[in-house]
Structures are given as structure tokens and as C-alpha cells.
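Sequence lines, in order, name chains Y and L. In case it helps, the numbering used here puts the first sequence at residues 126 to 479. In case it helps, the numbering used here puts the second sequence at residues 8 to 132. Okay, structure first, notes after.
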Amino acid sequence: MSMQAVVVPVLIGLGLTLATLTIVAAAGKARRRATDARRERRLAEVRPSVLRMVGAGGPAPDAEAEGASWAAIEELAVSLLPKLRGADRAGLVELLESAGSIERARRRSSRPGAVGRARALELLGVSGVPRALPEVARGLRDRDPEVRAVAARALGKLGNPGAVPFLLGALEEPRPIPVSLIGMALAHIGPQASDGLRVGLSAPSPACRGLSAELLGHFDAVAAVPELVALLEHDPVLGVRVRAADALHRIGSPHALRALMGCLDASQAPPLRAAAAQALSTVGPGAAQDDLLLALASGHHSVARAAAGTLSLGGPGAVRRLAAVASGGGVGSVEAIEALAAQDHPEVFSGVAA
Amino acid sequence: MPQILIVEDDPDIRELTAFKLTLEGHEVHVEADGEAGLAAARELMPDLIVLDWMMPRLTGLEVCQALRADPATASLPIILLTAKAQEADIQRGFAAGADDYVSKPFSPPELASRVTAVLARAVTA
């Protein structure tokens, strides 16, 4: 058999295969385009009736009458819900309830097909319906990472403080969810998450303790100050102690004064000393002058800078002592000059410059 | 009939706001980005502008500042409608010249009431 007799059929076969693949790909693309166009058309069809209901308190679109367009109504409602509040939002949720969308989504959330599960969780999240909590929380352990991420966001949107233990617990699961996503979800729940976060301060996971401390600071959770102080003083992980100091900085409670002063000690790690020095600016900048001056002379720029910044806020006495360091030209003088300039103490600063 | 210019890149919010304000008896004109919004404001000289903050081409804040810097448009009433709801953002919005501030998620009836109130103040002024 000649070479040609072998090569030609192979080439023809390859050509046919290539042509078939091209046709299949083109057909798939055309089908997707047609599906998208159909979806857009349906959205455009239902949009006026949904907007009429939301904007003008008009009659709710009828699920039976709309037939195949109900999926589009649901999609539009899911898109609108996070953008609305008040009676209009409540009306949309009522529409989803009356059409059975919420119950369908609860069932769909555990069925095969990651896209369907993710859509169901998204709908349950934006609806804010409390009874959806177990299904959405279960999504945090989904085998698909995208579904887990959708579940975390949905729990945030549910706005239910009951979601806090699930979100914090997800940080310790073998199937991970980025800490930032969990943090955003908890931030979305808001200050009512504080009780659950206080429990999180004693969790085994450092990520959980650190995130709980940070969020409690953001929520100005004064009631959590004793636990944050305990974390600051005793947590075995430096990063967690630093975040506790940052949280106390935000809250600014005088009950943290002694613990923060203790963290300025030279035996402590520089990041913690710097965070404590900064936290003292809201907790009691005038009360820790001696310790702050020692920190200013520590030779660590970040520690000295934070100490100088806090001293500059500590009243006339602290500012005079800071100015003395600034004019001395020794260790800490650069940071002292910086802090005085930043706090606009022209009389002291011009004296230093002279 | 008061003319309202809505500058908003989110089609859902744009249409819903336009629909609501039309029902309230306003003549509504819509634009989907900051640049087109600024041009429309200069051309139409509307009675009030509802302005989103985060938009392509020009942000709402930039549009607001540009309108305030131009004597011809400096007194146009502006309501910022934005997801930026931090205290510092609100301060920046007012510093840029906004007359009122509505944060998202928003209530369309509340926005309509604010439009009415700002229009009334503008007439009185």
C-alpha cells in the first residue's frame, strides 16, 4: 500500500472531524445566543408589569398568566430586591412568596446542578425570608466552591443574626471559603451580629477570632470590650492580639486603658506595640504619656510613629513633652516632628524648626 | 410640569426611578453615564437632577462639581442616589454640591418625596 493511500484517507478524516467540530461549536454558540435573546425578550416583556407593581403599587404579575415568563419575573425580582427597601421591597418578596418561588428555591438548593443551586441560594438570600436560613447555611458546605461563595453572600443578605455561627463555622470547615467573603457577609448583617461575634472571639480558629474582633470594632460593640481586652492580653496569636487592639482603637473605651498600656512594653512585639500606641489615641491619649514616650524612643519606626501620633492628641502637657523630643534631635525626633506637623501645632512646630 | 434628569447606569434603577417620577407627574429624561448626563444637564437645564455616584466615564461627584463650577448650571438642584453610604461619603457628596442624598438600597416613594421637597425649596429660593 502506497504512502498516499494511507495519508489521503487520514487527511480526509481529520478534515471531516474538524468540520464537524466547527459546526457543533457554531451551533452551540448560536443556541446560546438564541437562549440569551429569548431571555432578554422575556425580561423586556415582564419588566413593565414588575415596575408597575413596584413603582405604582399596581397589581402583581400573575404567575399562571405569565406562563414561561415567570422565570423572567423571578430573575428581575432577584435583580431588583437588593436595590430596594421599604414597602416596594416587601411587595416584591410577597410576589415571590405567593408564586411559590421561595419554596421552590428551598427545594432547588439541594438538587444536582451547581448553577441551579447557586441561583436558588441567591434568591433565598435577597428575599430575606428567615425560614430559608437552614438551606442557605447548608450551602456553605456545598462541594462546589462557587455555590459556597454564593451561600456566604446570601447569608449576609438574609441579614439574620442566626447566620453568624454558620458563617464563622465555615472558617473552620475543610472546604474553605475566603475570609474576605465571610467578613463581607457578616458586615452586611450589621451590629445585630455582635452577640454571635462575641462567641467567635473564643473559637479555636485564629482567623475566626481575628475576624470577630475586627468586626466588633467596626460595630462599636462597647459590650464586647471585656472580651476584646482578654483577647488582647492572652491570645496566643500575635495577629489576633493586634486586631483586638485595632478593635479597641475603634471603640475607644477607657476600660481598655490598662491592657493597652501593658502592650506598649518593650517585651512585646513591635506590631502589637504600634497597634496599642495607636489605640490609646481614642482610649486615653493623655493618660499614658510616660509609656508612650518610652515607645517613641524604641527605635522602631512604626511604634514610634504611632506613639508620637497619640501623644500629639494628649493635650498641652503631652504636646510639650513631644515637642521636647522633636527639638532634641535624638531617637524619635523625626516621628515627633511629623506628628506635631500633622496635628497642626504651629506654635510648637515653629519652635522646633527654629 | 417639572423636568427631571436621571443619570444612572443601572438599568433597573434608572427605569424604576423614571417610572416612579413620571407617575408623580414629572417629565423625565434619562442618561446612562456621567458624560452624557453632564451634556444633557447643560442642554436641558432640568428643574432637578437625580444623580448616581459610581458611573462610567464621569462619576456623579465629578458631574456635580462640574455643574457647580459653571455659573449657568451652578444652582441646578441635585439629589445624589448612591450605594456609597458611609458618613465620609455623604459629607463628600454634600461638599461637592449635592442638595440631598439618598443611599441605596432605596425606597422609590421616599426618593419621590425628596424630589418634591427639593423642588419646592428650589422654587422658594
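Note that the Cβ used here is the ideal one computed from N, Cα and C, for glycine as well.
Chain L within 8 Å of Y/Leu141, Cβ atoms only: No, no contact with chain L.
For a contact defined as C-beta to C-beta under 7 Å, what are the partners of Y/Ser204 on chain L? Residues of chain L passing the Cβ test: Asp19.
Of all the CB atoms in chain L, is at least one closer than 8 Å to the CB of Y/Ala478? Residue placement at Y/Ala478 is poorly supported in this model, since its pLDDT is 46, which falls under 50; the coordinates still yield a value, given next. Not closer than 8 Å to any Cβ of chain L, the Cβ of Y/Ala478 fails to qualify, so no.
Cutting at 7 Å between CB atoms, please list the residues of its own chain near Y/Leu447, excluding the five before and the five after it. Ala433, Leu436, Ser437, Ala461, Ala464, Leu465
Considering Cα atoms alone, identify which of Y/Glu170, Y/Pro299, Y/Asp345, Y/Ala402 is closest to Y/Ser330. Y/Pro299
Within the 8 Å Cβ cut-off, does L/Ala27 reach chain Y? In the sequence under discussion, the amino acid at residue 27 of chain L is Lys, which differs from the Ala named in the question. With 8 Å as the cut-off, L/Lys27 counts as an interface residue toward chain Y.
Quick check: what's the CA-CA separation for Y/His380 versus Y/Leu311? 26 Å
Opposite L/Glu15 in the DSSP bridges: which residues? Answer is none; L/Glu15 lacks a bridge partner.
Are the CB atoms of Y/Leu421 and Y/Ala429 within a distance shorter than 8 Å? yes
Any chance you could list the alpha helix (DSSP H) runs of at least 4 consecutive residues sitting entirely within the stretch 252-297 of chain Y, in chain order? Counting only runs of 4 or more, we get 258-263, 270-283, 289-295.
So with Cβ pairs under 8 Å, would you call Y/Lys282 a contact of chain L? no
Own chain, CB closer than 6 Å to Y/Ser406, minus 5 neighbours either side, in chain order: Thr435, Leu438
Please confirm if Y/Asp415 has its CB atom under 8 Å from at least one CB of chain L. no
Closer than 9 Å by beta-carbon distance: list the chain L residues that pair up with Y/Gly253, in chain order. The premise fails here: Y/Gly253 is roughly 11 Å from chain L at the closest Cβ pair, so nothing lies under 9 Å.
What does DSSP give as the partner residues of Y/Leu436 in its beta bridges? Beta-bridge annotation (DSSP): Y/Leu436 is not paired with any residue.
Using 8 Å for Cβ pairs, my map puts Y/Leu340 next to Y/Ala318. What's the rounded Cβ distance? 7 Å
Mind checking the stretch 136-162 of chain Y against chain L and listing, in chain order, the residues whose C-beta falls within less than 7 Å of any C-beta there? Within the stretch 136-162 of chain Y, no residue qualifies.
Limits of the beta strand (DSSP E) - the one that L/Ser181 falls within: Any question about residue 181 of chain L goes unanswered here, given that chain L covers just 8 to 132.
Tell me which residues of the stretch 207-222 of chain Y have at least one Cβ-Cβ distance to chain L shorter than 8 Å, keeping chain order. Pro207, Lys208, Leu209, Arg210, Gly211, Ala212, Asp213, Arg214
Using beta-carbon positions only, say whether Y/Ser223 and Y/Leu248 come within less than 8 Å of one another. no
Compare the C-beta of L/Ser82 with all C-beta atoms of chain Y and state if any pair is closer than 8 Å. At a cut-off of 8 Å between beta-carbon atoms, L/Ser82 makes no contact with chain Y.
So with Cβ pairs under 8 Å, would you call L/Val37 a contact of chain Y? no
How would you list, in chain order, the residues of chain Y whose beta-carbon sits under 8 Å from the beta-carbon of L/Pro112? Pro207, Lys208, Leu209, Arg210, Arg214
N- and C-terminal bounds of the beta strand (DSSP E) containing L/Thr89: 85-89
When Y/Val324, Y/Val347, Y/Leu419, Y/Ile307 are compared against Y/Val450, the one with the closest alpha-carbon: Y/Leu419
So with Cβ pairs under 8 Å, would you call Y/Val179 a contact of chain L? yes
Comparing C-alpha positions only, which one of L/Leu23, L/Ala124, L/Arg121, L/Gly67 sits nearest to L/Ala102? L/Gly67
Does the pairing of the stretch 70-88 of chain L with the stretch 45-57 of chain L give three or more beta-carbon distances under 8 Å? yes
Examine chain L for any beta-carbon lying closer than 8 Å to the beta-carbon of Y/Arg172, and answer yes or no. yes
Quick one: Cα of Y/Pro290 to Cα of Y/Phe344, how far? The straight-line gap separating the alpha-carbon atoms of Y/Pro290 and Y/Phe344 is approximately 17 Å.
Is it buried or exposed, Y/Arg242, if we count other Cβ atoms within 10 angstroms and call 16 or more buried? buried
Looking at the unbroken beta strand (DSSP E) that takes in L/Glu34, where does it start and where does it end? 34-38
CA-CA distance, L/Leu45 and L/Gly100? 16 Å
I'd like to know if L/Pro115 contacts chain Y, where contact means its C-beta is closer than 8 Å to some C-beta of that chain. It does: the Cβ of L/Pro115 has a partner Cβ on chain Y nearer than 8 Å.
Where L/Ala95 falls, given that 16 or more other Cβ within 10 Å makes a residue buried: exposed
Counting only beta-carbon atoms, is L/Leu87 nearer than 8 Å to chain Y? It does not; no Cβ of chain Y falls within 8 Å.
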